[in-house]
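Worksheet: one structure, shown below.
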């Protein structure tokens with residue numbers, strides 16, 4: 001076999017391969033062994049027809065397609081391994097020529113680009129101050145906790161009002177015709193939550209249990225369902241129940257019920273400290289992002305198109321998976337939003353390119369500075385996670401950790417070491 005490798009633009013290489021007669025005929029024989037079970041010629045059992053008999057009947061070319069598939073696959077892999085090519089795409093194969101005494105082909109493939117990381121030490125990044133925590137911030141958390149612990153009490157002696165939860169049936173129609181998703185029975189709706197079409201909840205308020213009434217609304221012009229945009233609709237409603245939210249008292253007992261505090265004052269202070277810690281983390285995360293952005297900005301790197309397309313595909317597949325978890329089909333999402341997969345892919349391109357570029361540069365730093373956690377560091381982290389003081393508990397935890405969890409932990413620990421390295425070797429002022 002003879003071959004040559006030519007570098008092309010955008011991290012592509014072209015591998016030109018030539019097989020002589022002996023090599024090529026060897027692959028033709030392999031193709032015969034692979035396909036001989038398909039041949040049936042009078043005088044021979046199916047699958048037992050000799051090679052020369054098939055050649056005489058059909059000609060050698062009958063084996064060329066399979067022979068080329070085998071030859072190209074084997075020789076391409078051999079060259080990639082021998083030359084240590086870090087390929088990041090499938091090859092585009094072109095046949096140059098083929099006959100009885102040779103096979104010539106080219107394989108064009110994208111390889112991982114060579115690049116030098118720009119400056120990643122002694123940079124200056126502006127310090128981000130953590131947001132001050134106000135009494136209003138603390139009260140928002142308290143209100144949220146109180147609402148989470150609230151119970152709903154039946155109301156029978158008055159009409160529904162803002163803040164109530166009503167249990168109702170509704171059936172909607174546009175131009176007298178019912179539409180998909182416009183009907184429900186015993187649906188729980190909190191008035192004032194603005195979860196329904198504008199104007200719907202306000203018209204439910206003022207009605208009592210057992211009342212049947214119509215609600216007239218207009219779907220917004222940007223409504224997700226194309227057939228309902230800007231349309232007037234009438235919903236016939238029946239209220240079954242009216243419930244009022246009853247909040248627990250904001251006192252020591254409430255704090256104790258949460259299981260972490262003895263007094264309400266301790267609970268408030270705990271919230272404030274937690275919010276402060278969260279804001280410090282947010283500020284540090286913003287500084288970390290700025291550090292990474294500065295390194296990426298200072299590195300000259302053209303990301304290969306194949307790597308960008310792969311990242312876009314991963315992002316789209318993640319979207320589809322996440323939607324499926326909530327019972328939503330990707331095709332329905334496209335219909336509701338009036339979009340296409342091609343448009344989504346185009347919209348994702350810049351983000352995908354930046355994500356790939358950032359990952360490549362950060363991985364280069366990790367490799368150069370040897371920031372991958374050691375086996376001892378990984379074991380120590382696993383032990384900490386197990387909370388293990390006795391050996392048996394730690395051993396049980398280790399047995400239950402799967403490969404995905406280990407890989408995720410390694411990635412997080414590696415990223416933490418990278419960030420610690422960047423913060424230690426640059427100035428945040």
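Residue numbers (the UniProt record's numbering): 1 to 429.
Positions of the beta carbon are idealized from the N, C-alpha and C atoms, including for glycine.
Asked: Rounded separation between residue 8 and residue 301 - CA only; Found: 16 angstroms
Asked: Inter-stretch contact (C-beta, 8 angstroms, three-pair minimum) for the region 238-245 and the region 177-184; Found: no
Asked: Endpoints, the alpha helix (DSSP H) within which residue 30 is located; Found: 21-35
Asked: Where residue 351 falls, given that 16 or more other Cβ within 10 Å makes a residue buried; Found: exposed
Asked: Paired residues, beta bridge with residue 154 - DSSP; Found: 243
Asked: Outcome for residue 170 when other beta-carbon atoms lying within 10 angstroms are tallied against a minimum of 16; Found: buried
Asked: Start-to-end residues for the alpha helix (DSSP H) that takes in residue 312; Found: 305-325
Asked: Pick from 107, 376, 125 that is closest to residue 6, judged by C-alpha positions; Found: 107
Asked: Whether residue 123 touches residue 426 by CB criterion (8 angstroms); Found: yes
Asked: Where residue 161 falls: helix, strand or coil (DSSP); Found: coil
Asked: Selection from 27, 307, 31, 78 that minimises the alpha carbon distance to residue 359; Found: 307
Asked: Residue 151 at chain C interface by Cβ criterion, 8 angstroms; Found: As a matter of chain content, chain C is missing from the structure shown, which is built from one protein chain.
Asked: Where the alpha helix (DSSP H) through residue 276 begins and ends; Found: 264-297
Asked: Run of the alpha helix (DSSP H) containing residue 187, from where it starts to where it stops; Found: Residue 187 -> not in any alpha helix (DSSP H); beta strand (DSSP E) instead, spanning 177-190.
Asked: Residue 27 vs residue 71 beta-carbon contact at 8 angstroms; Found: yes
Asked: Other residues of its chain near residue 214: CB distance less than 8 angstroms, five sequence neighbours each side excluded; Found: 234, 235, 236, 237
Asked: Cβ-Cβ distance between residue 429 and residue 127 below 8 angstroms; Found: yes
Asked: Boundaries (first-last residue) of the alpha helix (DSSP H) holding residue 81; Found: 64-82
Asked: Continuous alpha helix (DSSP H) stretch holding residue 144: start and end; Found: 135-148
Asked: Residues that residue 212 bridges to, as DSSP identifies them; Found: 238
Asked: Paired residues, beta bridge with residue 168 - DSSP; Found: 187, 239
Asked: Local Cβ density within 10 Å of residue 164, reported as buried at 16 or more and exposed below that; Found: buried
Asked: Beta strand (DSSP E) segments (min. 3 residues) lying fully within the region 82-119; Found: 92-99, 102-110
Asked: Endpoints, the alpha helix (DSSP H) within which residue 408 is located; Found: 403-424
Asked: Whole-angstrom C-beta distance between residue 89 and residue 105, which should lie under 8 angstroms; Found: About 17 angstroms separates the two Cβ atoms, so there is no contact after all.
Asked: Buried or exposed (CB count within 10 angstroms, at least 16 for buried), residue 153; Found: exposed
Asked: Test item: CB-CB of residue 303 and residue 118 under 8 angstroms; Found: no
Asked: CB contact flag (residue 62, residue 53, <8 angstroms); Found: no
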